[in-house]
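Chemist: Pasting in a structure now, in structure tokens, and then I'll have a few things to ask.
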Amino acid sequence: MAKFIQSLANGLNLGSIYALTALGYTMVYGIIRMINFAHGDFIMVGGFTLFYLIPVMLKMGLPAWFAVFVAIIVCVFVGVMTEQIAYKPVRGQGSTTALITALGMSLVLENGALVLFGSAPRNVPPMFNLPAVAIGSVTIPGTTILTLVIGIVMMLLLTLFIKYTKLGRAMRAVPEDKIASTLVGINVNKIITITFAIGSGLAAVASMMYTTSYVSIKNELGITLGLKAFVAAVLGGIGSVPGAMIGGLLLGIIEIMVKVYMLPGTYEAVTYLILILVLLVRPSGLMGKKVNEKV
Amino acid sequence: MLKVENLNVHYGVIHAIEDVSIEVNDGEIVTLIGANGAGKTTILHTITGLKKATSGSVTWDDTNLLAEEPSKIITHGVAHVPEGRHVFVDMTVRENLEMGAYMYGRKDKDKVIERMDHVFERFPRLKERQNQLAGTFSGGEQQMLAVGRALMSDPKIILMDEPSMGLSPLLVQEIFDIIKEVNKQGITVLLVEQNAKMALKVANRAYVLETGKIKLSGDAKELLNNDDVRKAYLGA
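Protein chains in written order, with numbering that gives the first Met the number 0: chain A, 0 to 294; chain B, 0 to 235.
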């Protein structure tokens, strides 16, 4: 029993990182109907920013986690530049073009980081010194709880923002009807840029939680993490903010359970099997709504 | 006054609009009639910036609309009810109307409330069903919502694109009554219609568009009795 609960806690830890990453995917998809495969690489960019800036913060006598604010600025900058330079010119040329462009940008960022930072893994200094919580014989690391709390807070803020603010309402209007949005006075390009800025800012927060839990980063971290988070977003229902959260947590728990109770080497196969099954059986995911193609 | 001068619009190599000039005076209802594919919708889309012109000019009072950012057009008092209504189907009726007031800032809250009351007064049905999703509405109700949404911005001119399309005869009459009423409140109307008979009946003046060119123009009642127009567009 203790083993099960411990695994569950570990699963929640992994899952909450997937969830934070999936939030960025789903946010961009929900507004622009585009899978931003470079999202995972934004997290890698955030990771390297933290790696280089935490020592600077400490030297200046500031708390280490202040580096996150700089990481947010760097990620937003990289995200908005990616959108302006790569995605905007191909907008309106079909979803396949957008998808391939996103994959291309992911490779550009991954290999750009290889040139800049090399291929050796780096250890990001710790930002938080949180006590673990012991429940009976089970210990839950403080970072797990922090990651979960941050994930839930982000989810709630995003949901409220999209539902109740004017900007959020414009963000819902744009994917529904670009013509009507323009006619009522929404600058569609501006809304898309803002969406990328928010998605990239979320990537910086995800990079903070990733490095807190897993310490080691390298230029390739975005690809794997991004793909997993993509599966999580699809499982939860891509475009749905609560769906990303639920899909992320579920996927994390499933992966750990497979590792502990089944063949440890097969957990990634299970992840992608889930992706295939969801796409076959329920492409709209757990929380997504059915999209009727307009004729 | 809306003035379209020597407008040319292309879709790739296709010359969709050729040297079209149109004038709409304040307080008028002007209709643009013509067959499917004549370019009526393209003209409206060019006026509100949804489609880029190749050459020519579109001026509204003293503003060169072709130089405006499309999302800014509505702030000049130019509203456009597009073909096929284009309501936000996943939003409630109330949210749709609030979207119509998107251009207002935080300090114009009272204005938005006043506009909403105004729209609800004219369309009590929208008020009754303000929390219903617009996607569950019938075509006629969506059309009313689309007009209501346009009225939210307190426009000086409304461009209406095929408002009667796909509606039952009873609803068609209702829509044209609404157009007349909107106009009586001092809003200028540029109406694009395939239902030429109804359009000519409500309009002051009309332009007949054929494959991207203005073929005829003049007083709407005169065109209604013009033999060529009757043969080509009124089926009589």
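Here a beta-carbon is modelled for each residue, glycine too, at the ideal position from N, C-alpha and C. As the structure is a computational prediction, the values presented were derived from the model and not from experiment.
So what does DSSP say about ALA172 (chain A), is it helix, strand or coil?
Modeler: ALA172 (chain A) falls in the helix class under three-state DSSP.
Chemist: Which residue from A:ALA21, A:PRO282, A:GLY284, A:HIS38 puts its Cα closest to that of GLU109 (chain A)?
Modeler: The shortest C-alpha separation from GLU109 (chain A) is found at A:HIS38.
Chemist: Under 7 Å Cβ-Cβ, which residues of chain B neighbour ASP176 (chain A)?
Modeler: Neighbours of ASP176 (chain A) on chain B, chain order: HIS85, PHE87.
Chemist: Along the region 4 to 32 of chain A, where does the CB come closer than 8 Å to a CB of chain B? Name the residues.
Modeler: Flagged: no residues at all.
Chemist: Using only CA atoms, which one of A:MET286, A:TYR271, A:GLU267, A:MET256 lies nearest to ALA8 (chain A)?
Modeler: With distances taken between Cα atoms, ALA8 (chain A) lies closest to A:MET256.
Chemist: For the region 237 to 249 of chain A against the region 16 to 34 of chain A, are there 3 or more C-beta pairs whose distance is under 8 Å?
Modeler: Because the criterion of three Cβ pairs below 8 Å is met, the region 237 to 249 of chain A and the region 16 to 34 of chain A touch.
Chemist: Can you look up GLU17 (chain B) in the DSSP assignment and give me helix, strand or coil?
Modeler: Looking at GLU17 (chain B) - three-state DSSP - the assignment turns out to be strand.
Chemist: Enumerate in chain order the residues of its own chain whose CB-to-CB distance from GLU292 (chain A) is below 6 Å, with the five nearest sequence positions on each side excluded.
Modeler: In this predicted model, GLU292 (chain A) has a pLDDT of only 48, less than 50, meaning its place in the structure is not dependable; the value taken from the coordinates is given anyway. Here the set comprises nothing.
Chemist: Just to check my reading of the structure: LYS110 (chain B) and PHE119 (chain B) have Cβ atoms closer than 8 Å, yes? What is that Cβ distance to the nearest angstrom?
Modeler: Not quite, the Cβ-Cβ distance comes to about 15 Å (not below 8 Å), so this is no contact.
Chemist: Give the DSSP-derived three-state secondary structure of ALA100 (chain B) in the structure shown.
Modeler: Reduced to three states, the DSSP call for ALA100 (chain B) is coil.
Chemist: Within 10 Å of its beta-carbon, does LEU115 (chain A) have 16 or more other beta-carbons around it, so buried, or fewer, so exposed?
Modeler: By the 10 Å Cβ count, LEU115 (chain A) comes out exposed.
Chemist: List the residues of chain B whose Cβ lies closer than 7 Å to the Cβ of THR181 (chain A), in chain order.
Modeler: Chain B residues near THR181 (chain A): LEU49, PRO69, SER70.
Chemist: Find the residues of chain A that neighbour GLY11 (chain B), judging by a C-beta separation of less than 9 Å, and give them in chain order.
Modeler: Neighbours of GLY11 (chain B) on chain A: none; closest Cβ ~14 Å, over 9 Å.
Chemist: Return the CA-CA distance between GLN131 (chain B) and PHE160 (chain A), expressed in angstroms with no decimal places.
Modeler: Those two C-alpha atoms are separated by around 22 Å.
Chemist: Among B:THR210, B:GLU221, B:LEU223, which one has its Cα closest to the Cα of GLY33 (chain B)?
Modeler: Measuring from the Cα of GLY33 (chain B), the nearest candidate turns out to be B:THR210.
Chemist: Thinking C-beta only, is ASP160 (chain B) closer than 7 Å to PRO81 (chain B)?
Modeler: Contact flag set, yes.
Chemist: Where do the ends of the alpha helix (DSSP H) carrying GLY139 (chain B) lie?
Modeler: Element bounds for GLY139 (chain B): 138 to 150.
Chemist: Any beta carbon of chain A sitting closer than 7 Å to that of PRO154 (chain B)?
Modeler: Judged by the 7 Å Cβ criterion, PRO154 (chain B) is not in contact with chain A.
Chemist: Since ILE178 (chain A) and HIS85 (chain B) should fall inside the 8 Å C-beta cutoff, what is the C-beta to C-beta distance between them, to a whole number of angstroms?
Modeler: Sure, about 6 Å apart at Cβ, within 8 Å.
Chemist: Excluding sequence positions up to five away, which residues of its chain have a Cβ less than 6 Å from the Cβ of LYS179 (chain B)?
Modeler: Around LYS179 (chain B): VAL201.
Chemist: What are the partner residues of VAL201 (chain B), as DSSP defines its beta bridges?
Modeler: Note: VAL201 (chain B) sits in no beta bridge, so no partner.
Chemist: For ASP109 (chain B), write down the residues that DSSP places opposite it in a beta bridge.
Modeler: DSSP lists no partner for ASP109 (chain B).
Chemist: Can you name, in chain order, every residue of its own chain whose Cβ lies under 7 Å from the Cβ of ILE185 (chain A), other than the five neighbours on each side?
Modeler: Excluding residues within five positions, the ones whose Cβ falls inside 7 Å are ALA169, ALA172, VAL173.
Chemist: Could you spell out where the beta strand (DSSP E) holding GLY33 (chain B) opens and where it closes?
Modeler: Start and end: 28 to 33.
Chemist: Under 7 Å between the Cβ atoms of ALA268 (chain A) and GLY45 (chain A)?
Modeler: Against a cut-off of 7 Å, the Cβ pair of GLY45 (chain A) and ALA268 (chain A) comes out as no contact.
Chemist: I need the straight-line Cα distance from LEU31 (chain B) to VAL27 (chain A), nearest angstrom please.
Modeler: The alpha-carbon atoms of LEU31 (chain B) and VAL27 (chain A) are separated by roughly 41 Å.
Chemist: Indicate whether MET208 (chain A) and THR158 (chain A) have their beta-carbon atoms separated by less than 7 Å.
Modeler: Their beta carbons are not under 7 Å apart, which means MET208 (chain A) does not touch THR158 (chain A) by this criterion.
Chemist: Which residues of chain A have a Cβ atom closer than 8 Å to the Cβ of MET102 (chain B), listed in chain order?
Modeler: VAL183, GLY184, listed in chain order.
Chemist: For the region 177 to 228 of chain B, list the beta strand (DSSP E) runs that are entirely contained and at least 3 residues long, ordered along the chain.
Modeler: Taking only runs of at least 3 residues, the beta strand (DSSP E) segments lying wholly in the region 177 to 228 of chain B are 187 to 192, 204 to 209, 212 to 218.
Chemist: Give every residue of the same chain whose Cβ lies closer than 7 Å to the Cβ of ALA100 (chain B), excluding the five residues on either side of it in the sequence, and list them in chain order.
Modeler: Correct list, in chain order: VAL111, ARG114, MET151, SER152.
Chemist: Beta-carbon separation of TYR236 (chain A) and SER283 (chain A) under 7 Å?
Modeler: Rather than Tyr, the amino acid found at residue 236 (chain A) in this sequence is Gly. In contact: GLY236 (chain A) and SER283 (chain A) (Cβ atoms closer than 7 Å).
Chemist: Take the Cβ of ILE177 (chain B) as the centre, count every other Cβ of all protein chains shown within 10 Å, and call the residue buried at 16 or more, exposed below.
Modeler: Classification for ILE177 (chain B): buried.
Chemist: Please identify the residue among A:VAL214, A:SER206, A:LEU220, A:LYS165 whose C-alpha is closest to the C-alpha of ILE190 (chain A).
Modeler: ILE190 (chain A) has its Cα closest to that of A:LYS165, out of A:VAL214, A:SER206, A:LEU220, A:LYS165.
Chemist: Alpha carbon to alpha carbon, how far is GLY150 (chain A) from THR74 (chain B)? Give it in angstroms, no decimals.
Modeler: Answer to the nearest angstrom: the Cα atoms are 39 Å apart.
Chemist: Are SER167 (chain B) and ILE174 (chain B) touching if we call contact CB-CB under 7 Å?
Modeler: Going by C-beta atoms, SER167 (chain B) is not nearer than 7 Å to ILE174 (chain B).
Chemist: Let me know if ASP176 (chain A) comes out buried or exposed under the rule of 16 or more other beta-carbons within 10 Å of its beta-carbon.
Modeler: Classification for ASP176 (chain A): buried.
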